[in-house]
Amino acid sequence: MKQFILFLICMSCLGFVVAQENGRPVYNHFDKGNSFWGISTTPVYSDMFYTNTSLVLQGDNRTAGLLLAPSYSKMIAKNWMLGGMVFLGYLSDGYTSTSYPPFVGPGPFPINPQPVPVKYIQRSFDWGFMPFTRYYLQLNRRNTFAFFGQAGLPLVSSSSNYKTEYPQSPSLNSSQKYSDFVLKGSLGFGLSVQGRYGIFDTHVSNLGWFLGYHGSLGKNKKR
């Protein structure tokens with residue numbers, strides 16, 4: 002629900018930006034043969050990734066992450082794009098709490114144990130690749146605003162390392178490692194704004210909610 006609300010907000014902003022058309026140039030970004038380089042990111046959590054772009058500094062909580070998706074794409078026919086996208090992500094998450102320390106061995110154990118500070122630390126990585134295709138529907142005469150459908154086949158490898166640290170009892174420190182490998186089809190849709198500086202877009206799918214920019218590698222700015 003949160004992703005859908007954010008998507009609607011972006012859609013409204015994009016619609017306002019392109020509403021002013023008075024005598025301005027018509028853009029031909031979606032003509033056959035045009036090619037683009039791109040960069041995208043997601044600020045929200047997705048089941049496909051262990052990471053996302055975020056920054057949280059609240060008390061003893063510290064979260065910093067960056068998930069980037071550089072891409073290359075080409076218009077193989079009018080309004081039809083084919084391309085490839087690489088995923089690279091890192092996330093560091095940590096917070097401090099209090100807990101009762103674990104007791105091991107034959108004993109004896111404390112009768113009235115006291116809670117002690119505990120640090121929980123997570124380090125996660127993502128990398129992957131996705132071939133994708135898009136089909137654009139131009140929504141106005143100048144082609145400054147478009148709707149598109151997207152299909153892809155993402156392959157994502159993820160790993161995460163969880164550490165539990167007891168500053169007062171280092172011998173109790175522990176760590177766990179997890180890894181995952183996902184190959185799953187993806188379908189989604191989005192909205193884009195075209196202009197002299199390229200294409201700005203937002204789209205949602207089972208990959209999550211992404212914001213992206215695509216810069217021109219060809220003569221596709223205006224006619």
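Converting from the sequence shown to this note's numbering requires adding 1 to each position, the first position being numbered 1.
Every residue gets a Cβ at the ideal spot worked out from N, C-alpha and C, and that includes glycine.
Item	Value
Neighbourhood of K79 by C-beta, 8 Å cutoff - its chain only, sequence neighbours within 5 removed	F31, D32 and K33
Helix, strand or coil at P155 [DSSP, three-state]	coil
Cβ shell of Q139 (< 6 Å), same chain only, five flanking positions each side left out	A147
Pairwise C-alpha distance: D127 and S55	15 Å
Nearest candidate by alpha-carbon position, reference G84, set Q151, T42, T43 and K164	Q151
CB contact flag (Y96, R63, <9 Å)	yes
Close-in-space but distant-in-sequence residues of the same chain around S175 (CB under 7 Å, 5 per side omitted)	T165
The stretch 118–134 in contact with the stretch 45–52 per 3-pair CB rule at 8 Å	yes
Residue nearest to N35 in terms of C-alpha spacing, selected from L68, W81, G66 and D61	W81
D61, buried or exposed, once every other Cβ within 10 Å from all chains shown has been counted against 16	exposed
Every unbroken beta strand (DSSP E) within the stretch 163–189, with a cutoff of 3 residues, ordered by chain	175–184
Status (buried if at least 16 other CB within 10 Å, exposed otherwise) for S170	exposed
Reduced DSSP secondary structure (H/G/I, E/B, other) of Y214	strand
Residue closest to S180, alpha-carbon to alpha-carbon, out of S193, G186, V194 and S158	S158
Beta-carbon gap between F133 and F190 smaller than 9 Å	no
Nonlocal neighbours in the same chain, by C-beta distance under 6 Å from A65, ignoring five residues either side	L56 and S93
Between the CA atoms of S160 and Y136 - distance to the nearest angstrom	33 Å
Sequence-distant residues of its chain with Cβ nearer than 6 Å to S187 (five each side left out)	G153, P155, S206, N207 and L208
Proximal residues to S100 (C-beta, below 8 Å), its chain only, five neighbours per side dropped	P116, V117 and V119
Beta-carbon proximity of R197 to Y28, cut-off 9 Å	yes
Three-state class that DSSP yields for S93 in the structure shown	strand
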